[in-house]
Structures are given as structure tokens and as C-alpha cells.
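Residue numbers (this note's numbering), protein chains in the order written: chain A, 1475 to 1690; chain B, 1475 to 1690; chain C, 1475 to 1690; chain D, 1475 to 1690. In this text, a Cβ means the ideal position worked out from N, Cα and C, and glycines have one as well. Below: one structure, written as C-alpha cells.
Protein chains: 4
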Amino acid sequence: MVRAGEGSALPRAVRQHTGRRRNAAARDAILDVTFELLRTRGTTGVTVDAIAEAAGVGRQTIYRWWPSKGAVAAEAMARQARVIVPVRDTTSFPDDLTQFLVDSFAGLEDSGTRRALRQLVSAAPGDEHVAEVLAEFTAQGRAVLRALLERGQASGDLSADADLDLLVDVAYGVLWYRLLIGHAPLDPRAARDLAAHLLAAGTAGATQPSRPGEGG
Amino acid sequence: MVRAGEGSALPRAVRQHTGRRRNAAARDAILDVTFELLRTRGTTGVTVDAIAEAAGVGRQTIYRWWPSKGAVAAEAMARQARVIVPVRDTTSFPDDLTQFLVDSFAGLEDSGTRRALRQLVSAAPGDEHVAEVLAEFTAQGRAVLRALLERGQASGDLSADADLDLLVDVAYGVLWYRLLIGHAPLDPRAARDLAAHLLAAGTAGATQPSRPGEGG
Amino acid sequence: MVRAGEGSALPRAVRQHTGRRRNAAARDAILDVTFELLRTRGTTGVTVDAIAEAAGVGRQTIYRWWPSKGAVAAEAMARQARVIVPVRDTTSFPDDLTQFLVDSFAGLEDSGTRRALRQLVSAAPGDEHVAEVLAEFTAQGRAVLRALLERGQASGDLSADADLDLLVDVAYGVLWYRLLIGHAPLDPRAARDLAAHLLAAGTAGATQPSRPGEGG
Amino acid sequence: MVRAGEGSALPRAVRQHTGRRRNAAARDAILDVTFELLRTRGTTGVTVDAIAEAAGVGRQTIYRWWPSKGAVAAEAMARQARVIVPVRDTTSFPDDLTQFLVDSFAGLEDSGTRRALRQLVSAAPGDEHVAEVLAEFTAQGRAVLRALLERGQASGDLSADADLDLLVDVAYGVLWYRLLIGHAPLDPRAARDLAAHLLAAGTAGATQPSRPGEGG
DNA sequence: CTGTAAGCGAGACGGTACGTCGAGTCTTTAC
DNA sequence: GTAAAGACTCGACGTACCGTCTCGCTTACAG
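Here is the structure:
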């Protein structure tokens, strides 16, 4: 039975066999469909069967390449990560920082993306593959932001002894916390407020990391 | 907390029948066992059957009092919340803030508790009851911290135009972000650094919230 | 989704829950449906899903009570055994024997029944539960026929030293051999010829079993 | 038969490439391995993958030359058939008949062979290729035995109006019935008893076939 | 002696069925 | 009337095979 997208928004792709070589098109279809399901359905509805059917793929093809459903979801998410983590570089560090946060928050405007990210966190504790991808994914974001903050330090906009790691965690902490709890908006104003907060804290002298031996 | 079979085997409790009245001991056993399973097992292992068996309870008894498995888990977690959110009140606001954060972080020392909290976040997107409890639980924490920060504003330790809501989110954001990702420790030194950060940011003038109409 | 026999000849039954007691109606529905599928479809088409769907039963209910698909099929077959093995008792042993065989062959007139019996044999080597039921089922038939032959011996229609076990195996051997290979008919004439053969062989002196020690 | 790794490990054969011509060695390896798997494993274990791996052959090579797995198995069985159907010709018909049955039974002494034959019957209803081979295989046996019985008729050892087809079915019926059900042995004594039975029945006048029009 | 055609080992692919696990519902029986 | 027990429907999971397809290699034969 060939169902060409019967009753559903996700029509089945028709695809060439690639013989004994891994079929990249199938891989892409699986990841695309998974992300789409993650966005449109919640945790419910992202079943391996649903992915397989929508991607026009046998279930075994999924299990051949990913160790678990979560791993697929994680990779599908991570694949969109580059879009989510934008980078700018103008002359003004405060502007760049603000823009970075505004862009990052804007990447979460779509409720589907927010849902998908929540799913990612949701699946992490129960699936080490997801946990790994989540760790890597967030590490990317931290690395980008940290590089930006280092530029701020170099330009003198941030104090030389500012605890950059803490500032990074503050920024992403606010982002994820609000994303997960949903008690406060993630709009451009919130991004600007957060940027101002970081600049203020990074300028004040007290934000350097405590040194070993000083306390604990 | 009465742990029946702490750690592993979770032997069945023996309990008096209360006839036609709701058996409060059964309720406690269910919540205790659930929390214990949450701590010791991960998402896996916390099944309704496991809870029922370990609590020496029929499955229906669980569904009689809670609408879903997540609701049980959520309530089991929320029950431990008071322990996790300590409150101090000395003369020095900086000390109180620092102590609050140190205590909050200390409440997460136990890896079982950390796991349980991660489960809570994990279950939230898929179960509205859990989401509700999570929202309520975190709201409690924010309220406590916000009250503390208001004391700081009153005492002049924080600037009058500091954006307290943002500071609250910064504090809990860092806490949850590190809890979920696990890339950085949640030890006393981290708590002190975070307290210092909040004080520095709350003192600087720039951290007031942007007013509607100014931007967006 | 409630399918009331959609597209199929086997409408789903509607049935009361029986609480903590095994639901006999479900059991019957499963066996009936299985036999029906065995008759109408071949090996193909008798899937656990098909049984479950047609019987209006969860797949787990099948696996709760039977160890394998074959076991269900086997029991479904064995249940029809009484119908297949008729018994008569008139004054004339030759007539009774002939009638028994005619009736036994007649029980195989329906091509569905023949197919079902072939399935039973087919499944036996791969499923010990089926093998067991097959053994028991055929043993019933042999016991009935043997009792009949013993009557013939008592009445003097069969020689006292006739090897009844061999005669039984001859009768059922011909029946099953033709059933499985299908090279010769199983019609009333064949039954009568077989009966005549048995009478002739059972009358001649040579058909007694060889005694231990005589040969081997 | 060349058994490569009899019994268990079935190590892969090493074989010359034959270029654009069919590789007879591969064909033999496939059939040998299939028969071996049929003998040693049951229905389980005789998978196309297992055959391909043990024969050191690509799966496609199997499907290039046989239409289905059953066809391979059937041919593998049929290949051994000549061994199983022995033929003798001495002066004494009773002796020849007895010897034929003793030899036929002896061909089933090996439990692997018995299992393989059961598999053949088992696979027949679900695979027409197997059914065909089974029909042909059994027809061979019947033809041989029938020719033998005709000699008995010619020599006067069997009555001229004996129903030879029935006698053939009686002989093979007993053999297959016992083979499939396993309730009685297939040893030399059983063979001798069966031979005696056939001689007795074939001598008595009543065993001629009923003629059309006489009954039915 | 070179190009083409076929056989081959390998293994990914779309499917179908399997048997297991867990969720939440329902009914009986005991207290 | 509440509780323990446990059977029930539903549906996802991950596995095992089937039979198909393509790749890249190797060898035979035709031009």
C-alpha cells in the first residue's frame, strides 16, 4: 500500500534506493520529519512509527542508525541548532551582545521550536544519547557566547576580572529557565534587559570568580 | 519522611485496613515510595505498577486519588519542596542572600534529589498535572527569593530601580541550567559567586526593567 | 477508533468487563476468531494482530493466556476436535467402523477445516505448545478408534491377535497422509475402502504384533 | 554431501569467483548449508540470512536462483530424497517388501532427517514451491512402492484385485503419521509388522477398490 | 586485448509480525 | 464505601526476517 500523505500534513517522500550505501535522503527525511513532529505534536505523537511512516521509511532503518528514539530526536534538534545560535560582529560590543540575545530569544519565538527544545530537555534524563546531544548542543551556545564576552573584555566593555563563565550561565540560565517554566516572556525587551544586566554585572568589580582557597 | 526500604529493595509496607475511610497511611506510602523511586531509579522504573507494589497498594487506589502517574510524581516532589527552599533572616542582607543560595544549592547535593528534579522537568511537557506542579513549585521559590530581594532593596543593599524579577530569574536560571545540563558544579563556592553577581548587578543602576513604550 | 467489523467478515464483538476474573467471553471470542481465520486465511493472515482485532481484544490478553500464537491456534483447533471425531454404536461392528471413517472423512470435507489441520501440523515442529496439542488431539482420535476396534475384537469381527495399534495408525495414517499431500480424495468411497481394508487385515491371522525377542 | 562444519559452527566456505557464469559451488554450498540447518536447527534458525552467511554467499545470490526461502529448503530436501528411497529386487516379494520398508524406516533413523522432513511438511501449506516439491517427493516414493507391489501382484503374492493405491497410502500413511506425531517408533520391527499387515491385507479378497457407481 | 555483460558478496532498504511493557479503566471480593 | 487484586483495551517499543535494490568487484566472452 502506497500512502501518499494520506490524511496528514507530512506526505511520504518517494526516494531512490542507494543500494548498499546509506541512503542520505532517508536520513534527512527522518530527521526532518522528526523535527516537524517535535514541533507540531508534543512528546505524544513523536513515536517511531509516526516518524517512520511520515518519512516513508521502515522502522528498522531508524534503529539501524540511531540507538533510540531519543537519539533521533536529539540529532534532529541539534541539526537546527545553527539556526538557533546566531552570531554578529559589529564594532560595538554592547550592541553585539544585545543583538545576540535578541536573536537567540527570537529563535524561540516559534512555539514549535520552544516545544521541541522542551522535549529535548525532557528526554535527556531518560536517554543518555539525548543527554549527550543536549550537553553538546548547549556547549556550542556557551562557547559562542563566551567568545563574544571575551571580545567585550578585550574591548574594555567588560571588566578584566569578570567571571565570564558565570555570565554565560546567567544568560542561558535565564533563557532556559523561562523556556521551561514559561512564567515570563522571551521577547526582545527581555533580551535587552538581560543584556543590560550582563553589562552592568560585568562592569562591576565584584563579579570575578572566587579563587580556590578563598572559600568553598 | 518515612522511607520504607531506603535505597533499593523497597519491600512492601504492611498496613492496617481502614475500611470505608480513605487510608492516609496508604497515601503517604504512595508518595514516599514514588519519591524514593524517583531518586533511585530514573524515569525508567517509576511505573505505576512499581509504585503500587512497593507501596503495597492496588493500582486503582493510586488512580482514585491522582489523575495520572505524573500527578503522583509531581506531588511526591512538591512534598519535598519545603525542605529544598529554606529561609533565613539575619540583619545582613548580603549574608542572607548568600546563605539562601548556599542552602538552595546544598539542597541539591544529593544526586537522588537532583535526578528527581530533572524527572520533574522531564515529565512536565507531557503531563499537564506535572507542568502545573512544576510551575507552582518554582513559583514558590521565586516568591521566597523575591521577598528576600525586596528586603535588600528596603535596606538599600540593592538599588531601588533594580529589576527584581530578572534577578530572581538569574538566580534560579543559573541553578536550573546547571542542574539540567550538569556542566558546572552547584557547590557553595558557586552559590557565593552567584550571590556576589546578584549584589553587583543589583547595585549598578542599569539593571532596572525597561518600561513599556521605551522599546520592544 | 471503534471499528465495527470494518471491511472484514469478522465484526468485533462487544463484551462486558468481568473485573478481576478471566473473561470467558473474550477467551471464546479469541478461539472462535482464530479458528475462523485458520479456516479462511492460510498461515498468512493468522497474525496475532488479526486475531486481536477481530476478537475485539487487546494483544496482551492473548499473550496473558497463551504462550505463543501457535498455542492459540492449537487450542482453537483442538476445540473443534469433538466435532471432527464422531462416535457411533450400532449392533454391527463393520457398519460402525465404516461409519466412523465415513464421518471422519466427512469432517474434512470443508476445505477450511482441511487447511486448518494442515496449519496445525505445519506449526507443530516450530512450536512445542502446538506439538503438544497436536499430540493430544491425535491421541484422542486414536483412543476413540481403538475402543471401537476393541469392540470389534470382542464381537469376533476382528481376530483376537490383530495388532490394533497398527490398525489405528493405518486408518489415521491414510487420513493424514492424504490430507497433507492431497494426492487422493477423502470421500465416502475412500472411507469405505479403508474400512474394508482394515476389516480384511484385521481378520487375517498375520496382523498380530511381533513379540519382543522375535525380531527387531 | 560435503558438510562444511557439521553440527554447529558452519564456518564460511572459501570459494573461487566464476565471473559471469553461475557459480555451481555457491549453489551447492547453499543447498548443503540449508539442509544442514534444517537438520540441526528447527524451523527457527533456517533464515535466509543464516543460509547466506553459512554458505558465504550474498542474500541476492539465493534469490537470483530460487523464488523463495521455502524453494531452497525444498530443493535441499529433495536432493537428499534419492538416499531416502532405497530399492531392492530379490526373488522373494515378501522379503523385498519387508526390506523396502525396513530401509525406508532406517532412512529416518537420524533425528536430523526426521526433523528436516517435518520441516518440509511444515513449510508446504505456506509456500507453494515447497508444496510442489513435497508432492513430487512423496510421489516418487509412492511410484517406487507401487512398482514393487505390482511385482507382488505379478508373482501372485498379492491378490490380483488388491487396491494397490490404497496399500501404498497405508504404508506411507503409517510412516508419515508416526513421523509427524511421534507417538510410535519407526524401527525395524515396526517396518516388519507393517509389511506383514500389507501382505495380509493384500492377500485377502476384500481389499479391491470399490468401483464407480457401486457406492460413494 | 579491450569493453561489456553477467554473477557475486555485501549490506541498506521498506515492510510485516512478533512478543513485551506500561498506562489507565473496570469489576470482583474482602474488610 | 474503600481497598487489594488483577484482567482488560490500547498503543509504543525494539527485534527478527522477508524479499528488493544498488554498489563495486571479478571473471568470461565478443568484437
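Check your understanding: Measuring from the CB of D/ASP1631, is there a heavy atom of the ligand GTP at a distance below 7 angstroms?
Key -> With respect to the ligand GTP, the structure offers nothing, as it holds no ligand at all.
**Study point:** Neighbour flag for C/VAL1648 against chain D, beta carbons, 8 angstroms
**Key:** Interface residue, yes.
Check your understanding: Do the CB positions of A/GLY1608 and A/ALA1645 come within less than 8 angstroms of each other?
Key -> Before going further, note that residue 1608 of chain A is Leu rather than Gly in the sequence given. Against a cut-off of 8 angstroms, the Cβ pair of A/ALA1645 and A/LEU1608 comes out as no contact.
Check your understanding: So B/GLU1624 is in the alpha helix (DSSP H); what residue range does that whole segment cover?
Key -> Going by DSSP, B/GLU1624 is part of the alpha helix (DSSP H) stretching over 1602-1628.
Check your understanding: Does any CB atom of chain A fall closer than 8 angstroms to the CB of B/ALA1613?
Key -> For B/ALA1613, at least one C-beta of chain A is nearer than 8 angstroms to its own C-beta.
Review point. Going along the chain, which residues of its own chain have a beta-carbon closer than 7 angstroms to the beta-carbon of D/LEU1632, five neighbours each way excluded?
Key: Here the set comprises LEU1623, GLY1626, GLY1676 and THR1677.
Review point. Cβ of D/THR1517 less than 8 angstroms from any chain C Cβ?
Key: Yes, because at least one Cβ of chain C sits closer than 8 angstroms to the Cβ of D/THR1517.
Check your understanding: So is B/ALA1548 buried or exposed if we call it buried at 16+ other beta carbons inside 10 Å?
Key -> Taking all protein chains in view, the Cβ of B/ALA1548 is crowded by 16 or more other Cβ atoms within 10 Å, so the residue is classified as buried.
Check your understanding: DSSP on C/THR1521, reduced to helix/strand/coil?
Key -> In the structure shown, C/THR1521 sits in coil (DSSP, three-state: anything other than H, G, I, E or B).
Review point. Quick one: any contact between the segment 1645-1656 of chain C and the segment 1571-1584 of chain C, if contact means 3 or more CB pairs under 8 angstroms?
Key: Result yes; three or more Cβ-Cβ pairs closer than 8 angstroms.
Practice item. Answer with buried or exposed for D/ASP1523, where buried requires no fewer than 16 other C-beta atoms within 10 angstroms of its C-beta. Key: When all chains shown are included, D/ASP1523 counts as exposed.
Point to revise | Beta-carbon proximity of D/LEU1653 to D/ARG1592, cut-off 8 angstroms | key: Result yes, Cβ atoms of D/LEU1653 and D/ARG1592 sit closer than 8 angstroms.
Exercise for review: Would you kindly check if the distance between the Cβ of D/LEU1641 and the Cβ of D/LEU1660 is under 8 angstroms?
Suggested key: No.
Check your understanding: Using a beta-carbon distance cut-off of less than 9 angstroms, what residues from the segment 1623-1652 of chain D approach chain C?
Key -> Here the close residues are ASP1637, ASP1639, LEU1640, LEU1641, ASP1643, VAL1644, ALA1645, TYR1646, GLY1647, VAL1648, LEU1649, TRP1650, TYR1651 and ARG1652.
**Study point:** Counted within 10 angstroms of its Cβ, other Cβ atoms place A/THR1587 as buried (16 or more) or exposed
**Key:** When all chains shown are included, A/THR1587 counts as buried.
Check your understanding: Taking Cβ-Cβ distances below 8 angstroms as the criterion, which residues of the segment 1595-1607 of chain D are in contact with chain C?
Key -> Answer set for the segment 1595-1607 of chain D: VAL1595, SER1596, ALA1597, ALA1598, PRO1599 and GLY1600.
Exercise for review: Check the Cβ-Cβ distances between C/ILE1504 and every residue of chain D, and say whether any is below 8 angstroms.
Suggested key: With 8 angstroms as the cut-off, C/ILE1504 does not count as an interface residue toward chain D.
**Study point:** Neighbour list for A/ALA1524 in chain B, Cβ cutoff strictly below 8 angstroms
**Key:** Neighbours of A/ALA1524 on chain B: none; closest Cβ ~15 angstroms, over 8 angstroms.
**Study point:** Per-residue contacts from A/GLN1593 into chain B (C-beta, under 7 angstroms)
**Key:** Simply PRO1599.
Check your understanding: At a CB-CB cut-off below 8 angstroms, which residues of chain D make contact with C/ILE1536?
Key -> One finds nothing in chain D with a Cβ atom closer than 8 angstroms to the Cβ of C/ILE1536; even the nearest lies about 21 angstroms away.
Practice item. Identify the continuous alpha helix (DSSP H) that holds C/VAL1531 and give its terminal residues. Key: From DSSP, C/VAL1531 is part of no alpha helix (DSSP H); its letter is neither H nor E.
Exercise for review: Can you grab the Cα-Cα spacing for the pair B/ARG1666 / A/GLU1583, in whole Å?
Suggested key: Approximately 34 angstroms, taken between the alpha carbons.
Check your understanding: For C/ALA1658, which three-state DSSP category applies?
Key -> Looking at C/ALA1658 - three-state DSSP - the assignment turns out to be coil, as it is neither helix nor strand.
**Study point:** Cα-Cα separation between A/ARG1663 and A/ALA1670, rounded to whole angstroms
**Key:** One Cα belongs to A/ARG1663, the other to A/ALA1670, and the distance between them is close to 10 angstroms.
Review point. So is A/ALA1545 buried or exposed if we call it buried at 16+ other beta carbons inside 10 Å?
Key: With 16 or more other Cβ atoms within 10 Å, it is buried.
Review point. Taking the C-alpha atoms as reference points, what is the distance between D/THR1521 and A/PHE1509?
Key: Roughly 37 angstroms separates the two Cα atoms.
Review point. CB-CB under 7 angstroms to C/SER1629, same chain, minus the five flanking residues each way: which ones, in chain order?
Key: When the five nearest sequence neighbours on each side are left out, the beta carbons in the same chain lying within less than 7 angstroms of the beta carbon of C/SER1629 are those of PHE1567, in order along the chain.
Review point. What three-state label does DSSP hand A/ALA1478 in the structure shown?
Key: Note that A/ALA1478 has pLDDT 35, beneath the 50 cutoff, so the model's placement of it is unreliable and no number is given.
Exercise for review: Could you say which of A/ALA1621, A/ASP1502 and A/GLU1606 lies nearest to A/ASP1639 if we only look at CA atoms?
Suggested key: Sorting A/ALA1621, A/ASP1502 and A/GLU1606 by C-alpha distance to the C-alpha of A/ASP1639 places A/ALA1621 at the top.
Review point. Using a Cβ-Cβ distance under 8 angstroms, would B/LEU1511 count as near chain A?
Key: By the rule that beta-carbons nearer than 8 angstroms mark a contact, B/LEU1511 does not touch chain A.
Practice item. Kindly indicate if chain D contains any beta-carbon less than 8 angstroms away from that of C/ALA1678. Key: Output row for C/ALA1678: interface = yes.
Review point. What did DSSP end up calling A/SER1585 once you bin it into helix, strand or coil?
Key: The answer is helix: DSSP assigns A/SER1585 an H, G or I state.
Review point. Nearest chain D C-beta to C/ASP1667 closer than 8 angstroms, yes or no?
Key: Taking Cβ atoms only, chain D reaches closer than 8 angstroms to C/ASP1667, which makes this a yes.
Exercise for review: For D/ARG1589, decide whether its Cβ has a neighbour in chain C, counting only Cβ atoms nearer than 8 angstroms.
Suggested key: With 8 angstroms as the cut-off, D/ARG1589 counts as an interface residue toward chain C.
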